[in-house]
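Visitor: Submitted below is the structure of interest, expressed as structure tokens.
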């Protein structure tokens, strides 16, 4: 199983919280942070509520992630 790396601007959905309640998203990845001691990737994200939080890679729902594509300017 390969680990998908995310970058700033990507939109992701997160797993349920500790109280087993869904965390409504999407969450925008703001930056990649240093890995934990166990080498797990860490990210700083902002939710739709405007609050920022740090998350581990294991908290991202892989099939709910949307990597941002760079969009060029439109002439017209």
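In the working numbering, the protein residues as written are 4 to 79. Yeah, the Cβ is synthetic: ideal placement off N, Cα and C, and Gly gets one too. Owing to the predicted nature of the structure, the values given are computational and were not obtained by experimental measurement.
(1) Residue 39: which of 61, 12, 18 sits nearest, CA to CA?
(2) What are the partner residues of residue 57, as DSSP defines its beta bridges?
(3) I need the boundaries of the beta strand (DSSP E) containing residue 33, first residue and last residue.
(4) Compute the Euclidean distance between the alpha carbons of residue 58 and residue 66, then round it to the nearest angstrom.
Guide: Concretely, from the data shown:
(1) What you label residue 39 is simply residue 36 of the chain shown in a count that begins at 1. Answer by Cα proximity: 61.
(2) Locating residue 57 in the chain shown gives position 54, counting from the first residue. Bridge partners of residue 57 according to DSSP: 47.
(3) In the chain shown, the residue the question calls residue 33 occupies position 30. It spans 30-36 - the beta strand (DSSP E) in which residue 33 sits, taken as one unbroken run.
(4) By one-based count along the chain shown, residue 58 stands at place 55. By one-based count along the chain shown, residue 66 stands at place 63. Cα to Cα, the separation comes out at about 17 Å.
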